[in-house]
Amino acid sequence: MPTDLTLEHLCKSYPQTTGGLFPVLEDVCLHVEKGAFVTVLGGNGYGKSTLLRIISGMEQPTQGRILLNGQAVRQRLGRVGLVSQEVDLLPWRTTLDNVAFGLELRGMPQAKREHLASAYLRAFGLEKFSACYPRELSGGMRQKVAIARTLVTAPDIILMDEPFSALDYQTRTSLQCFLLQLWAKLRETIVFVTHDVEEAVFLSDYIVLLSPIPAHVVEIIPVPLARPRVRSAAATAALCRQVLEKYGSSSCVDNDEMRRAL
Amino acid sequence: MRLLRWVGLLAGLMLWQGLCSAGIVGSAMLASPAQVCAGLWELAVRGMPPEFLLHKHVLHSLLLVGTGFLGALFTGVPLGLLLGGSRSARAVLEPVFEFFRPVPPLAWIPLSVLWLGIGFKSAVFIIFLGAFFPILVNTCSGVRNVSAGCIGVAEVLGASRRDIWLKVLLPASLPSILAGVRISMGIAWMTLVAAEFTGVQQGYGLGYMIMTARDLQRLDMIMAGMAVIGLIGLAIEHCLGRIARYLLRWR
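As structure tokens, then:
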């Protein structure tokens, strides 16, 4: 069921060993409509992963609320799907058992969950590998399995934490297209974190630009390009440049400053 | 390659027999392979002490090792899981275990005889002590090394504490547990002879058999007994290796 997501004044800080608090998120506010594909853009160490961990329910914010369909939900584990950057398939489970894992945790009978998981594997073109263990799969296939494992449980929201960043260019672009096809069919709400401007422009309805730590939303940049998008189109490239300027200004060292320093 | 595995063994046997036949090593110091074979035959059909046949010694020792080892397995794995998974349990129990761990199992013999008497129970206790710690330590470190990613996946999918224990932590630490099991089995088997030195009421056990042969100065039977212990140890290790390879086929 597509769900809308609202983040209200999220703050997160961690206690430091030296004492005091280290703020990671500071007043993050965001509204994501039902079925929207949103990317969150920020550099490494901008608190993007922290943000997703909080939305997923693995951590609670220090302040602020998370609303699903307008209702504050504290217990989000099991309702929000998360696909992460590192391949985190359980290595002792076959492809089929990995996809069925979430259903198994929900107590679905074996025959039923395997039937459902097989259907996903077929749709993902992975049915030949259903009895394989993760070590026998390529990086791209593993990430597809991780996506299937998330989708099969029909979560309210799908969070993706740089899911393709560890893959080579060709695998990455083909998985981006694959993800868009899936989304076009399922119309799930997706929050996709990335540090790659081109990826953000190619995939999303709008881009949420984060500031460096303590992170807050700097700007929400709409991506008014028609779908299906073409990577090489002039409009795409122009938008990339435009986003890059904003993104760069919040993360790059000033050129003059660098010249002076060197 | 399969053939090569036998080359070293055969060469050793030939060297051994050669040393004995040429009279380089006196028969009071070393029995020749042929003599050991004869001794083995005598152990099997006449027994040592007479009427106490080899296969009964073997069965008795296997029972001792099996009981001590299973005891270690069924206490070591749960305790190791607890120690690995709970910081406070580790804080309380680790110093206690680290205190007892360096004490050799054999140093316990006087106490175990005092507490459990001479015989089966005492020997099982000694074997248990030898086998317990490798399983405990390996299980604990296995659990502690489970990647946060695997646990996170289960959490996000809505796993309960129980599911995380049974479906993530336990299978993820299985390689480490099995490594501990193999070390333990080796130690249990090594501790066996010493454990049987504590005295055996029923008059059975490979260690007891060797000690009796020593009293009668039957060098051939002593060495035959050692060979039997070695062969059984080899066979057990082979079986455990097979089991581990099957259980860890995903690696």
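So the sequences go chain by chain: A and B.
The numbering used here applies: residue 1 is where the first sequence begins, and numbers increase by one.
The numbering used here applies: residue 1001 is where the second sequence begins, and numbers increase by one.
The C-beta atom is built at its ideal place from N, Cα and C for all residues, glycine as well.
Here the structure is a predicted model, which means the values were calculated and not measured.
Under three-state DSSP, which class holds A:K128?
As a first step, residue 128 of chain A must be located in the first sequence, where it is residue number 128. Residue state, collapsed to three classes: helix.
In whole angstroms, what is the alpha-carbon distance linking B:G1149 and A:G19?
Locating residue 1149 of chain B in the second sequence gives position 149, where the first residue counts as 1. Locating residue 19 of chain A in the first sequence gives position 19, where the first residue counts as 1. Cα-Cα distance, rounded: 28 Å.
Output the boundary residues of the alpha helix (DSSP H) element that contains B:L1134.
Locating residue 1134 of chain B in the second sequence gives position 134, counting from the first residue. It should be pointed out that residue 1134 of chain B corresponds to Pro in this sequence rather than to Leu. F1120 to R1144 is the span of the alpha helix (DSSP H), which, as asked, contains B:P1134.
Please report whether the beta-carbon of B:D1215 lies at a distance below 8 Å from any beta-carbon of chain A.
The count along the second sequence starts at 1 and reaches residue 1215 of chain B at position 215. No, B:D1215 lies away from the interface with chain A (no Cβ there is under 8 Å from its Cβ).
For a contact meaning CB atoms closer than 9 Å, what does A:D97 contact in chain B?
Counted from its first residue, the first sequence places residue 97 of chain A at position 97. Residues of chain B passing the Cβ test: none, with the nearest at roughly 10 Å.
Roughly how many whole angstroms lie between the Cα atoms of B:G1026 and B:I1183?
The count along the second sequence starts at 1 and reaches residue 1026 of chain B at position 26. The count along the second sequence starts at 1 and reaches residue 1183 of chain B at position 183. The straight-line gap from Cα to Cα measures roughly 36 Å.
Can you tell me whether A:E188 is buried or exposed? The criterion is at least 16 other CB atoms within 10 Å of its CB, across all chains shown.
Counting from 1 along the first sequence, the entry for residue 188 of chain A is found at position 188. Looking at its Cβ environment, which holds 16 or more other Cβ atoms inside 10 Å, A:E188 is buried.
Closer than 9 Å, Cβ to Cβ, to anything on chain B: give me those residues from the stretch 78-91 of chain A, in chain order.
G78, R79, V80, G81, L82, S84, E86, V87, D88, L89, L90 and P91
Given a limit of 9 Å on CB to CB distance, which residues of the stretch 1157-1174 of chain B reach chain A?
L1157, G1158, A1159, S1160, D1163, K1167, V1168, P1171, A1172 and L1174
Spatial neighbours of B:I1016 in its chain, beta-carbon cut-off 6 Å, leaving aside the 5 residues before and after:
To locate residue 1016 of chain B, count along the second sequence from 1; it is residue 16. The sequence as given places Trp at residue 1016 of chain B; Ile does not occur at that position. Excluding positions up to five away in sequence, the list reads P1033.
On the DSSP bridge list, what partners appear for A:A72?
If you number the first sequence from 1, residue 72 of chain A lands on position 72. According to DSSP, which records beta bridges pairwise, A:A72 is partnered with A:L67.
Using three-state DSSP, classify A:T189 as helix, strand or coil.
Residue 189 of chain A sits at position 189 when you count from the first residue of the first sequence. The answer is strand: DSSP assigns A:T189 an E or B state.
Please go through the same chain and pick out, in chain order, the residues whose beta-carbon is closer than 8 Å to the beta-carbon of A:C252, but skip the five residues on each side of it.
Here the question's residue 252 of chain A lines up with position 252 in the first sequence. Low local confidence applies: a pLDDT of 48 at A:C252 is under 50, so the model's placement there is unreliable, with the coordinate-based value given in what follows. Cβ within range, chain order: n/a, list empty.
List the residues of chain B that A:F101 touches, going by C-beta distances under 7 Å, in chain order.
On the first sequence, residue 101 of chain A is found 101 positions in, with the first residue counted as 1. What A:F101 touches in chain B: L1157.
B:G1205: which of B:F1074, B:V1065 and B:L1019 sits nearest, CA to CA?
Here residue 1205 of chain B refers to the residue found at position 205 of the second sequence. Among B:F1074, B:V1065 and B:L1019, the Cα nearest to that of B:G1205 is on B:V1065.
With a floor of 4 residues, list each alpha helix (DSSP H) that falls wholly inside the stretch 1006-1047 of chain B, ordered by position along the chain.
1033-1045
Which residues in the same chain as A:I54 place their Cβ atom closer than 8 Å to its Cβ, once the five residues preceding and following it in sequence are excluded?
For the purposes of this step, residue 54 of chain A is taken as the residue at position 54 of the first sequence. Counting only Cβ-Cβ distances below 8 Å, and skipping sequence neighbours, we find L10, K12, L25, Q60, P61 and I66.
Along the chain, where does the beta strand (DSSP E) containing A:T27 start, and where does it finish?
Reading the first sequence from its first residue, position 27 is the one you call residue 27 of chain A. Here the sequence assigns Asp to residue 27 of chain A, which means Thr is not the residue at that position. First-last of the beta strand (DSSP E) with A:D27: L21 to V32.
At least one CB of chain B closer than 8 Å to the CB of A:L7: is that the case?
Counting from 1 along the first sequence, the entry for residue 7 of chain A is found at position 7. No, because no Cβ of chain B sits closer than 8 Å to the Cβ of A:L7.
Within chain B, the residues that A:R106 reaches when beta carbons sit closer than 9 Å
Position 106 of the first sequence holds residue 106 of chain A. Correct list: L1157 and G1158.
B:I1187: which of B:P1171, B:W1006, B:I1164 and B:I1126 sits nearest, CA to CA?
Counted from its first residue, the second sequence places residue 1187 of chain B at position 187. The shortest Cα separation from B:I1187 among B:P1171, B:W1006, B:I1164 and B:I1126 belongs to B:I1126.
Which one of A:K128, A:V201, A:V80 and A:T236 has the shortest CA to CA distance from A:T150?
Looking up residue 150 of chain A in the first sequence gives position 150. A:T150 has its Cα closest to that of A:V80, out of A:K128, A:V201, A:V80 and A:T236.
Have a look at A:G139, A:C132 and A:E104 and flag the residue whose alpha-carbon is nearest the alpha-carbon of B:R1249.
If you number the second sequence from 1, residue 1249 of chain B lands on position 249. For the residues A:G139, A:C132 and A:E104, the minimum Cα distance to B:R1249 belongs to A:C132.
Tell me the rounded alpha-carbon separation between B:G1233 and A:N98.
As a position in the second sequence, residue 1233 of chain B is number 233, starting the count at 1. As a position in the first sequence, residue 98 of chain A is number 98, starting the count at 1. The alpha-carbon atoms of B:G1233 and A:N98 are separated by roughly 38 Å.
According to DSSP, is B:H1060 helix, strand or coil?
The residue labelled residue 1060 of chain B in the question sits at position 60 within the second sequence. Reduced to three states, the DSSP call for B:H1060 is helix.
Is the beta carbon of A:T171 sitting closer than 8 Å to the one on A:G139?
Counted from its first residue, the first sequence places residue 171 of chain A at position 171. Counted from its first residue, the first sequence places residue 139 of chain A at position 139. Contact flag set, yes.
Could you give the residue range of the beta strand (DSSP E) that holds A:T6?
Taking the first sequence and counting its residues from 1, the one referred to as residue 6 of chain A is at position 6. It spans L5 to P15 - the beta strand (DSSP E) in which A:T6 sits, taken as one unbroken run.
What's the call for A:L5, buried or exposed, on a 16-neighbour Cβ count within 10 Å?
The count along the first sequence starts at 1 and reaches residue 5 of chain A at position 5. Buried is the call here.
For A:R76, count neighbouring C-beta atoms within 10 Å of its own C-beta (all shown protein chains included) and say buried if the count is 16 or more, exposed if not.
Position 76 of the first sequence holds residue 76 of chain A. Buried: at least 16 other Cβ atoms inside 10 Å.
Answer with yes or no whether the minimum CB distance from A:T17 to chain B is below 8 Å.
As a working note, residue 17 of chain A is residue 17 in the first sequence. No, because no Cβ of chain B sits closer than 8 Å to the Cβ of A:T17.
Inside the stretch 134-220 of chain A only - beta strand (DSSP E) runs reaching at least 3 residues:
157-161, 189-194 and 206-210
Short-range partners of chain A found in the stretch 1140-1153 of chain B, where Cβ spacing is below 8 Å:
S1147, G1149, C1150, G1152 and V1153
Indicate the three-state DSSP secondary structure (helix, strand or coil) for A:L89 in the structure shown.
The sequence position of residue 89 of chain A within the first sequence is 89, counting from 1. A:L89: coil per DSSP, three-state reduction.
Burial state of B:L1013 (16 or more Cβ within 10 Å):
To locate residue 1013 of chain B, count along the second sequence from 1; it is residue 13. B:L1013 should be labelled exposed.
Hey, out of B:G1018, B:V1103 and B:L1079, whose CA is closest to B:V1092's CA?
Counting from one through the second sequence, the residue named residue 1092 of chain B turns up at place 92. It is B:L1079 whose Cα lies nearest to the Cα of B:V1092.
Pick out whichever of B:L1019, B:P1171, B:V1193 and B:G1008 has its Cα sitting closest to the Cα of B:P1105.
Counting from 1 along the second sequence, the entry for residue 1105 of chain B is found at position 105. Here the closest residue by C-alpha is B:V1193.
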